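First up is the structure itself, then whatever we jot down about it.
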Amino acid sequence: MTNESIILAGLAGVLFSAAPIVFAVIGETISERAGVINLSMNGTILLSAMGGFAVSLGTGSLMLGFVAGAAIGALVALVVAFASITLKQSQVAVGFVLTLLCRDLSYFLGNPIMGATGPRLPQLVVPGLAQVPILGPLFFQQDIMTYLSFAIVILAWIFIFKTNAGLELRGIGEKPAASYVRGSKVEGLRYLYVAVGGALAGIAGPMYSLSVKAGWKGTISGLDGIGWIALAITIFGGWNPIRAALGAWLFAFLQWLGLVLQPSLPGIPSQVLQVAPFPLMILTLLLVNVGNAEWVERSLARLPEKARKRAAKLLRSMRATPPAALGTPFEKD
Amino acid sequence: MSHDRPTRSGAGRLSRSGAGRLSRFAFDAGGIVLAFVLTTLVLVAAKAPPLQAFYNIVLGAAGNWDVAANVIVSWVPLVLATSGLLITFTVGLWNIGIEGQIILGGVFSTWALRSFEHSSLDPALILSIAVVAGMAGGALWAMLAGALKTFGGVNEIFGGLGLNFVATAINLWLIFGPWKRPGVASMSGTLPFDPKLWLPTLTPESRLAPASVVIAIVAIVAVFALVQGTYFGLRLKAVGRNPKAAYVLGVKTWQHMMAAFALCGLFAGLAGSMQVLAVYHRLIPSISSGYGYLGLMVAMLVNYSVPLAAPVALFFAALNVGSIQLPIVLRLDSSLAGVLQGSLVLLVLLAKGAKERLLGKAAK
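From first to last, the protein sequence lines are chains A and B.
Per the working numbering, numbering through the first sequence is continuous, rising by one, with the last residue being 341.
Per the working numbering, numbering through the second sequence is continuous, rising by one, with the last residue being 384.
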C-alpha cells in the first residue's frame, strides 16, 4: 500500500468509528433542544450495545439488533422524561443514576454472552462511486450505518432549522411558556423528543457491538466512557447537528492520530494517547463557554473600541449558548 | 445550562398529621421494596436463584470477621467521598469530577512517599506528610473544576468529567512511565512501599487500619458540624437554595462555590490517600475504584442528609464486598451490587416524585 492509501484508509476508519458517536450526539442534541438533558448516555450506550448484540446473536438478524438497541435507548430516555417532566425531579440526578444502573445491568445480564462470536455488519460498497479517487475510499466503501450517520446529520439539521416542527422543538426548549400559549403541547412534545433522542443514542450501542467493536466483552468492551464523550461533544457542538458531527469526527481523528503517533513517541504509554483528546475537549469547552462569563464582558468593556469589537466577534464565533429552558421543568401556571 | 439544585426535604414541616406521615413513609418504603422487586426480576431474567443470590451477598459481607473487616475497609473511602460531596451539594454543585480528585489524592500521596522514602525522617512524619499531600492534590484538582466553572463558564459536570479522564491519564502515565516498577511496568501498579510506611493495621494479615476508620468518622462529623452548626454552612445553604438572592443579600457567591469545591477536594484527596497508604500500599491504575460515583449515589439516596450518609454508605460498602464471591459461588457477575444500588436510588427518587405529586407540595 502506498502512503496515500494508508492515510485514506485511516481517515475512512475515522468516519467509521465516529459514526456511533454521531448518532449519540444527534440524539442528545434533539433531547436538549427540547429542554431535557439525558445524562444517562453512557449507560444507554452500554446497555443497548449488550442488548442489541444479544438479540442479534439469538435471532441471527442484524436488523432486530438495531431495533432492540433503539427500543432500549427510548425506554431509558422515557424514564428520564417521566421522572423529570411528570414527577419534576432533577434531570441530572435521575440521568446519573440511570448511567450507573444501565452500565451494571449490561455487565450483569451480558455475563452469559461474554466473548460470544455474533453477526457483524458487512461492508456495503457503493457501485461506481467507490472507484472515485480519494472520495471513493473515504466515503463510499463504508457500512450502511456509517452512510446513515451522514444522512442523520443533514436530516436533523433540516428538521431543527428548516421545518415548522423544528421551530416548535426549539420553542419548547427556549421559551416553553410562550410555546404553550401558542398551542404547543409542551409536555407531550418533550416526551416525544426525549424518546426519539434516546432511540438514536440507543442505536449507537449496537453500532459498536455489531460493527465498530464487534462482540460483547463486558467490562473490557472499551465502551465505558463513550457516552460521557458524547455529552461533552453535544455542548461543543452548540446544539447544532452539523457542528456536533464535526466534533465527533474531530474526536475520532484525534484518537486515530494518537495511535498513528504511538510508534514515534515510545516514552508515552498507549493508555495516555487514548485519552489525549480530553484535555483538548476541556479547552474547547472553555473557549466555547468563556464568552458567556461575566468577567469577560467586564474586561472587554475596558478595551479600546476597535480591539473590543474584534475580540467580541471572535468570542461570538466560538460561543455556544444552551437552550434557555434546558434542565428546568415546565409549569403551566 | 442550568439544572435543578438539590433541595433538602424538611419532612413533616408543613403537614404533621399522623396519616400524612404514614402515607409519606409508605412512599419511601415502597421505593425501597420496589428496588428489591426490580433486582429480583433482573435475577429471574438471568435465570439465577434470587434468594440464594441475596443470601450469598449477606454471607459475603457478614459471614466472618475477615469479610466484615473488608466492608469497613471499603466504607472508609466511600464515606470520605460522600462527606465531601455533601458540601458541594449543599452549595448546589454537582461535583462529578470527584473521581479525578480521589485519583489526584492517591497520586500526590504516592509522590510524597516516594520523595521521603529513603530519608531519615520518622515514618509517622512521612505518613503525615503523605496524607496532607493527598488532601492538597484532591483540593487542587477540585479547584481546577471550580475555576473552569466560575471563570470559564464551563458547567461543573462537563469540566469535572473531562478532568476525570485527564486524572486517569496522569495516573496511568506515572505508573507506566516515571514511576514504573524496575524492569517492566504493569497494570498491578507501582512497586509496593516499605512496610514501615504502611498505615498500621489491626493484625499483620488484615487490611483494616484503625487510623483510617478514625479519619473517616472525624470527616463525617466535621461535615455535619460545618453544614448544621456554622455561619459558613448557613451561607453555603443560602447559595445552594438561590444564588442570586444570596448574592443580593451580600453572600459572596463564587467564593463560596470555590470554597465548597476545595473542601470537597480535601475529603476526596483524603480518600485517595487512604487507598494508597492503608489498602494498596502502592499506586494502582484503578486507585479511585469508582468510590466517587458511588458517593454521589449515597448522597442522592439519603436526600443529602449528613446523619444518614454514614449508615447508608456502610450498606453500600457491604453490597460491594458481599458480591465479590458471586462469580465463584453462583457464576453471577458481581455487578449485581451495582444493579441493586442503582435500583434503590432510582426508585426512591421516583417514589419521592410520586409522593410530591400525589400528596401535594406540602409533602416535600
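Yeah, the Cβ is synthetic: ideal placement off N, Cα and C, and Gly gets one too.
Everything numeric in this text was worked out from a predicted model, so none of it was measured.
query	result
What's the C-alpha gap between B/V93 and B/V299?	8 Å
Would you check if the stretch 152-163 of chain B and the stretch 318-336 of chain B touch, i.e. whether three or more CB-CB distances between them fall below 8 Å?	no
In chain order, what residues of the same chain have a beta carbon less than 7 Å from the beta carbon of B/T108, not counting five sequence neighbours either side?	N115, A280, F281, C284
If we count the other Cβ atoms within 10 Å of its Cβ and call it buried at 16 or more, is B/K67 buried or exposed?	exposed
Decide if B/R44 is buried, meaning its Cβ has at least 16 other Cβ atoms within 10 Å, or exposed.	buried
With 8 Å set as the bound, which would you pick, yes or no: does the beta-carbon of A/D232 sit closer than that to a beta-carbon of chain B?	no
So what does DSSP say about A/Q97, is it helix, strand or coil?	coil
Over the uninterrupted alpha helix (DSSP H) stretch that includes A/R251, give me the two end residues.	249-269
Using a Cβ cut-off of 7 Å, pull out every chain B residue sitting near A/P287, in sequence order please.	V186
Could you name the residues of the same chain whose beta carbon sits closer than 6 Å to that of B/A236, not counting the 5 residues immediately before and after it, in chain order?	V96, V99, L100
Under the rule that 16 or more other beta-carbon atoms within 10 Å means buried, what is A/L190, buried or exposed?	Inspection of the sequence shows that residue 190 of chain A is occupied by Arg rather than by Leu. Burial call: exposed.
Note down, in chain order, every chain A residue with its Cβ under 7 Å from the Cβ of B/A66.	F116, L117
For the structure I just gave you, are there three or more beta carbon pairs, one from the stretch 49-68 of chain B and one from the stretch 352-369 of chain B, closer than 8 Å?	yes
Assuming A/R178 and A/R41 make a contact with CB atoms under 8 Å, what is their CB distance in whole Å?	6 Å
If you drop the 5 nearest sequence neighbours on each side, which residues of the same chain put their C-beta closer than 6 Å to that of B/L370?	none
Keeping to the same chain, check which residues put their C-beta closer than 7 Å to that of B/V271; ignore five residues upstream and five downstream.	R255, A258, V259
In chain order, what residues of the same chain have a beta carbon less than 8 Å from the beta carbon of B/T170, not counting five sequence neighbours either side?	W274, M277, M278
Between the C-alpha atoms of A/N11 and A/V268, what's the straight-line distance to the nearest angstrom?	13 Å
How far does the alpha helix (DSSP H) with A/P130 in it extend, from its first residue to its last?	No alpha helix (DSSP H) contains A/P130, which DSSP labels as neither H nor E.
By the criterion of Cβ-Cβ separation under 7 Å, what are the contact partners of B/G172 in chain A?	L294, N297, V298, A301
Residues of chain A with CB closer than 9 Å to the CB of B/E140, please, in chain order.	Checking the sequence, you will find Ser at residue 140 of chain B rather than Glu. Those do not exist, as B/S140 stays about 33 Å from chain A at its closest Cβ, beyond 9 Å.
Among all the DSSP beta bridges, which residues are the ones paired with A/D112?	For A/D112, which the question treats as bridged, DSSP gives no partner whatsoever.
Short check: CB of B/I307 to CB of B/I146, under 8 Å?	no
Would you identify the three-state DSSP class for A/D151, choosing helix, strand or coil?	strand
Closer than 8 Å, CB to CB, is B/R377 near chain A or not?	yes
With a CB to CB cut of under 6 Å and the five nearest residues on each side skipped, what residues in its chain are close to A/D232?	none
Under a three-way DSSP split, which group does B/Q345 fall into?	coil
Counting only beta-carbon separations shorter than 8 Å, does A/E339 have a partner in chain B?	no
Short check: CB of B/L290 to CB of B/A239, under 8 Å?	yes
Out of A/L311, A/Q150, A/V283, A/A333, state which residue places its alpha-carbon closest to the alpha-carbon of A/P135.	A/Q150
Between A/F104 and chain C, is the shortest Cβ-Cβ distance under 8 Å, so that the two count as touching?	Protein chains A and B are contained in the structure displayed, whereas chain C is not.
Assuming B/V247 and B/T110 are in contact, meaning their beta carbons sit under 8 Å apart, how far apart are those beta carbons, in whole angstroms?	6 Å
Can you confirm whether A/A138, when its beta carbon is compared against all beta carbons of chain B, has any partner nearer than 8 Å?	no
Could you say which of A/G123, A/Q97, A/Q139, A/P331 lies nearest to A/N248 if we only look at CA atoms?	A/P331
Would you check if the distance between the CB atom of B/R302 and the CB atom of B/T188 is smaller than 8 Å?	no
Taking 8 Å as the threshold (C-beta atoms), are B/F178 and A/L106 in contact?	no
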